[in-house]
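Student:
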Amino acid sequence: MKVKECMSLNVCCCTPDTTVTEIAKKMCDNHIGCIPVCDTNNTVVGVLTDRDIILRTVACNKDANITKASDIMTCKTCCCTPETDINEATKLMSDLQIRRIPVCDNNNKIVGILSLGDLANNDNKIGAKQVCDTLENICNCDGKNKNAE
Numbered sequence: 007m008k009v010k011e012c013m014s015l016n017v018c019c020c021t022p023d024t025t026v027t028e029i030a031k032k033m034c035d036n037h038i039g040c041i042p043v044c045d046t047n048n049t050v051v052g053v054l055t056d057r058d059i060i061l062r063t064v065a066c067n068k069d070a071n072i073t074k075a076s077d078i079m080t081c082k083t084c085c086c087t088p089e090t091d092i093n094e095a096t097k098l099m100s101d102l103q104i105r106r107i108p109v110c111d112n113n114n115k116i117v118g119i120l121s122l123g124d125l126a127n128n129d130n131k132i133g134a135k136q137v138c139d140t141l142e143n144i145c146n147c148d149g150k151n152k153n154a155e
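Number 110 in the numbering used here belongs to position 104 of the sequence shown; there are no gaps in the numbering.
1) My guess is that Val6 and Leu120 are in contact by the Cβ rule of under 8 Å, so how many angstroms apart are they, rounded?
2) Gly123 bridges to which residues according to DSSP?
3) Nearest to Cys19 by CA position, among Ala30, Lys10 and Met99, is which residue?
4) To the nearest angstrom, how far is the alpha carbon of Leu61 from that of Val117?
5) Below 8 Å, can you find three or more Cβ-Cβ pairs linking the stretch 43-54 to the stretch 65-84?
6) Are the beta-carbon atoms of Ser14 and Asp111 separated by less than 8 Å?
7) Between the C-alpha atoms of Cys145 and Asp129, what's the straight-line distance to the nearest angstrom?
8) Rank Met7, Lys131, Val26 and Asn127 by C-alpha distance to the C-alpha of Asn67 and give the top, closest one.
9) Please report the straight-line C-alpha distance between Asn71 and Val53, rounded to a whole angstrom.
10) Note down the Cα distance separating Arg106 from Ala65, rounded to an integer number of angstroms.
11) Using a Cβ-Cβ cut-off of 6 Å (strictly less than) and excluding sequence neighbours within five positions of Lys32, which residues of its own chain qualify?
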């Protein structure tokens with residue numbers, strides 16, 4: 007199975023200059039917890055999550071009205087393509103402990119996003135065990151953050 011068979015196509019994006027307040031409103035309005043940050047060519051340059059807003063803005067006493075996405079986004083963004091095998095995508099999610107992967111074309115332009123929810127909604131095609139294993143691997147860090155460098 008390919009990522010394109012279960013990814014979400016309607017992706018809310020923001021630019022590096024979008025304020026955290028605007029991003030939080032967009033997340034609230036669209037019931038999402040992650041927004042890819044794209045340049046003017048729709049090329050992914052980072053990712054911003056609701057957790058990033060809390061830890062990198064609120065907890066640091068930054069003003070959300072003037073703090074920009076570029077100030078708090080995660081720049082090292084793992085992406086996949088619509089043609090990526092779903093097993094490879096779930097392995098990336100497990101290994102990197104990430105809940106969402108932007109899906110980009112060969113020019114790194116955003117075309118979708120693959121989330122844990124997408125996997126769960128397609129567990130009959132992917133296999134419930136694989137979906138559960140992916141979730142467990144993402145959440146289980148034995149008290150350590152695997153992404154810490």
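Ideal Cβ placement from N, Cα and C applies to all residues, glycine included.
Tutor: On the basis of the coordinates in this document:
1) With the chain represented from 7 up to 155, any question about residue 6 goes unanswered, as that position is not in the structure.
2) Reading the sequence shown from its first residue, position 117 is the one you call residue 123. Answer by DSSP bridge pairing: none, since Gly123 is not bridged.
3) By 1-based counting over the sequence shown, the position of residue 19 is 13. Of the listed residues, the one whose Cα sits closest to Cys19 is Ala30.
4) Stepping through the sequence shown from its first residue, residue 61 is reached at position 55. Stepping through the sequence shown from its first residue, residue 117 is reached at position 111. Computed Cα separation, rounded: 28 Å.
5) yes
6) Looking up residue 14 in the sequence shown gives position 8. Looking up residue 111 in the sequence shown gives position 105. No. Outside cutoff.
7) Residue numbering aside, residue 145 sits at position 139 when the sequence shown is read from its first letter. Residue numbering aside, residue 129 sits at position 123 when the sequence shown is read from its first letter. Using only the alpha carbons, I get a separation of about 18 Å.
8) Along the sequence shown, read from residue 1 onward, the residue named residue 67 stands at position 61. The shortest Cα separation from Asn67 among Met7, Lys131, Val26 and Asn127 belongs to Val26.
9) Working through the sequence shown from its first residue, we reach residue 71 at position 65. Working through the sequence shown from its first residue, we reach residue 53 at position 47. For Asn71 and Val53, the distance between alpha carbons rounds to 19 Å.
10) For the purposes of this step, residue 106 is taken as the residue at position 100 of the sequence shown. For the purposes of this step, residue 65 is taken as the residue at position 59 of the sequence shown. Spanning the two alpha carbons is a distance of roughly 23 Å.
11) Locating residue 32 in the sequence shown gives position 26, where the first residue counts as 1. Cys18.
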